[in-house]
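Have a look at the structure below before the remarks.
Spelled out as structure tokens, the structure:
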């Protein structure tokens, strides 16, 4: 038999597996390593050079993410001798989420939740590099022998387009978001919708907008554009799960979760609410951060600010998910392999708010409270809170792996859940008696300005005593804080606006995938890769009566730190504040 010549050096034993309109898939053997891999040769025609360059850059990002346990590994990409683009990936398992639609028994609810969380982590990782899937369907979520999902074909839509464009079967639109059908730019929220549509079908046993009697795509398009999906709860799906999926299927992208990670966190919370083990959400941040072309609708108008001096102009909005600084710890069971190279040759004005935060510093250690405490407990939390900040949320019970840090000051008391290994608690009573609480594995390391150690700092300050005439102008508070140098009580190692890359703003607590035990609401900003290391979440919020301002600054370095953010920032209580 004559060997098939793909025009790619360094491969043998070429077998054609599938021929589609957009690409042809081959199973080949890499001559150097002896490993069998897949080669997809794209039938992209004459694409503009900018599109080809974008595809190549995105594939480079995916090569960086090859070890992610829930991404089908991309080993490389290149151009055949005939001038066609191709990529090289691992050979995934033969079963897909689409196959499970028809199998008996169907996937259980816990299995569907696990698939959702793990897939969300994979897509969040791609989004952090500036890469969208663009055509996520049940058919390209593959399942390993242990049921572990792997997302395939990420970024191929950049070059070959979406299957929606040529859909003539109703089922081809199961995953299509309203904005995709309208021809709008796709965003991470579009991938989120497509994942939610897959979870919906696995939970309900039928698609949200496709009916068995449909004979054309016209009624499907109309339903996607104008109708709400049938409620999952009458189909036996618990409300804790149904509400999460329905939110991710919102018509308006801005009404969905703020990021794929936030969607995954919400699915994790549903697991906890149902008494199920919480599935790990593996998020990796590639070193390469591509400029994005998607526009992420903000829940509320965002105050603009100028880029830091010397920073390059923005090339597009940031991804809706914030990168975390530093490499995450490898997940249990993560893939470890040497990438293959199969003949492959492979780039505002700050709003100041009076004297706020300029006079609240000083020598913290001289003002430190004499007492500090960390309590590990599974009992109900104490009822200390402001008059408008009572606690009745599900996080009243200390989650596994967390402890309570609590302190009393001349003006008020502060309590927060922290990871159990954050045993260094440093309370600071400022000159006017207002509280500051720092908790970290090592507080000295946390505030040394290197951004290489995790921790959290909580400040509570009065509105009148700090000269605030508009306490709910949270964006102005954020702008002011991130622009301050350390000597003016800004972030150690800052100003943060110069030391870090912006990761976007959102509403606290909802857009962080959590609730507030103290019933606080406000705004937050993500700042990433601060001096090339950790990331920050900065929150300004108030209770309903706006009697004081709560400021939370949490620094994360590892994936475990990032996973703790919703618990920590959502658990803060303030009591007995004047």
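Numbering (the numbering used here), first residue to last: 125 to 702. Don't be surprised by glycine CBs; every beta carbon is placed ideally from N, CA and C.
Judging by CA-CA distance, which residue of 353, 147, 250 and 385 is the nearest neighbour of residue 375?
Position 251 of the chain shown, counted from the first residue, corresponds to residue 375. Residue 353 is the option with its Cα nearest to residue 375.
Of all the options 262, 315, 380 and 134, which has the alpha carbon lying nearest to the alpha carbon of residue 330?
Start at 1 with the first residue of the chain shown, and residue 330 comes out as number 206. Of 262, 315, 380 and 134, the residue nearest in Cα terms is 262.
Within 10 angstroms of the Cβ of residue 221, are there 16 or more other Cβ atoms? Answer buried if so, exposed if not.
Taking the first residue of the chain shown as position 1, residue 221 is located at position 97. Buried is the call here.
Are the Cβ atoms of residue 198 and residue 183 separated by less than 9 Å?
Counting from 1 along the chain shown, the entry for residue 198 is found at position 74. Counting from 1 along the chain shown, the entry for residue 183 is found at position 59. For residue 198 and residue 183, yes; Cβs fall inside 9 Å.
Please state whether DSSP places residue 247 in a helix, a strand or coil.
Position 123 of the chain shown, counted from the first residue, corresponds to residue 247. Helix, per DSSP.
What separation, rounded to the nearest whole angstrom, lies between the Cα atoms of residue 709 and residue 282?
Since the first residue shown for the chain is 125 and the last is 702, residue 709 is missing from the structure and cannot be characterised.
Looking at the secondary structure, which residues open and close the beta strand (DSSP E) in which residue 147 lies?
Mapped onto the chain shown, residue 147 falls at position 23. Unbroken beta strand (DSSP E) run through residue 147: 147-154.
Which residues share a DSSP beta bridge with residue 317?
Your numbering for residue 317 matches position 193 in the chain shown. Per DSSP, none; premise fails for residue 317.
Using only the alpha-carbon positions, how far apart do residue 136 and residue 186 sit?
Here residue 136 refers to the residue found at position 12 of the chain shown. Here residue 186 refers to the residue found at position 62 of the chain shown. Using only the alpha carbons, I get a separation of about 24 Å.
For residue 602, which option in 572, 562 and 677 has the closest C-alpha, if you only look at C-alpha atoms?
Position 478 of the chain shown, counted from the start, is the residue given in the question as residue 602. Ranking the options by Cα distance to residue 602, first place goes to 677.
Closest by CA to residue 346, which one among 311, 303, 378 and 326?
What you label residue 346 is simply residue 222 of the chain shown in a count that begins at 1. Among 311, 303, 378 and 326, the Cα nearest to that of residue 346 is on 303.
Less than 8 Å between the CB atoms is what I'm expecting for residue 696 and residue 641, so what's the real figure, rounded?
Counting from one through the chain shown, the residue named residue 696 turns up at place 572. Counting from one through the chain shown, the residue named residue 641 turns up at place 517. Residue 696 to residue 641, Cβ: 7 Å. Contact.
For residue 703, which three-state DSSP category applies?
This structure gives no information on residue 703, because the portion of the chain shown stretches from 125 to 702.
Smallest Cα separation from residue 702: which of 604, 362, 535 and 128?
Counted from its first residue, the chain shown places residue 702 at position 578. Taking only the C-alpha atoms, the option nearest residue 702 is 535.
Here's a check: name, in chain order, each residue in its chain whose Cβ is nearer than 6 Å to the Cβ of residue 301, leaving out the five neighbours to either side.
Taking the first residue of the chain shown as position 1, residue 301 is located at position 177. Correct list, in chain order: 314 and 317.
Tell me the DSSP secondary structure of residue 189 in three-state form.
Along the chain shown, read from residue 1 onward, the residue named residue 189 stands at position 65. It is coil, neither helix nor strand.
Is residue 175 buried or exposed, if buried means 16 or more other CB atoms sit within 10 Å of its CB?
Numbered from 1 along the chain shown, position 51 holds the residue referred to as residue 175. When all chains shown are included, residue 175 counts as exposed.
Taking the C-alpha atoms as reference points, what is the distance between residue 259 and residue 293?
Against the chain shown, residue 259 aligns to sequence position 135. Against the chain shown, residue 293 aligns to sequence position 169. Between residue 259 and residue 293, the C-alpha separation is close to 16 Å.
Mind checking which residues open and close the alpha helix (DSSP H) that includes residue 221?
Residue numbering aside, residue 221 sits at position 97 when the chain shown is read from its first letter. Per DSSP, residue 221 belongs to the alpha helix (DSSP H) from 221-224.
Using the rule of at least 16 other Cβ atoms within 10 Å of the residue's Cβ for burial, across every protein chain shown, is residue 268 buried or exposed?
Position 144 of the chain shown, counted from the start, is the residue given in the question as residue 268. Per the 10 Å Cβ criterion, exposed.
Over the uninterrupted beta strand (DSSP E) stretch that includes residue 333, give me the two end residues.
Here residue 333 is taken as the residue at index 209 of the chain shown, counted from 1. It is not in any beta strand (DSSP E) - residue 333 carries neither H nor E in the DSSP assignment.
With a CB to CB cut of under 6 Å and the five nearest residues on each side skipped, what residues in its chain are close to residue 468?
As a working note, residue 468 is residue 344 in the chain shown. In this prediction, residue 468 scores a pLDDT of 47, lower than 50, which makes its location untrustworthy; the coordinate-derived value is nonetheless stated afterwards. Excluding residues within five positions, the ones whose Cβ falls inside 6 Å are 200 and 202.
Quick one: what's residue 201 bridged to in DSSP?
Counting from one through the chain shown, the residue named residue 201 turns up at place 77. BP columns for residue 201 point to 211.
What's the C-alpha gap between residue 524 and residue 245?
Start at 1 with the first residue of the chain shown, and residue 524 comes out as number 400. Start at 1 with the first residue of the chain shown, and residue 245 comes out as number 121. Rounded to the nearest angstrom, the two C-alpha atoms are 21 Å apart.
By the three-class DSSP mapping on this structure, what secondary structure does residue 275 have?
In the chain shown, the residue the question calls residue 275 occupies position 151. Of the three classes helix, strand and coil, the one that applies to residue 275 here is strand, per DSSP.
Between which two residues does the beta strand (DSSP E) carrying residue 303 extend?
On the chain shown, residue 303 is found 179 positions in, with the first residue counted as 1. Unbroken run through residue 303 is the alpha helix (DSSP H), 302-305; no beta strand (DSSP E).
Taking 8 Å as the limit between beta carbons, can you name the residues of its chain near residue 497, skipping five residues before and five after?
For the purposes of this step, residue 497 is identified with residue 373 of the chain shown, where counting begins at 1. At residue 497, the pLDDT of 37 sits below 50, so the modelled position is not reliable; the number obtained from the coordinates is stated separately. Within the same chain, residue 497 has close Cβ partners 529, 530, 531 and 549.
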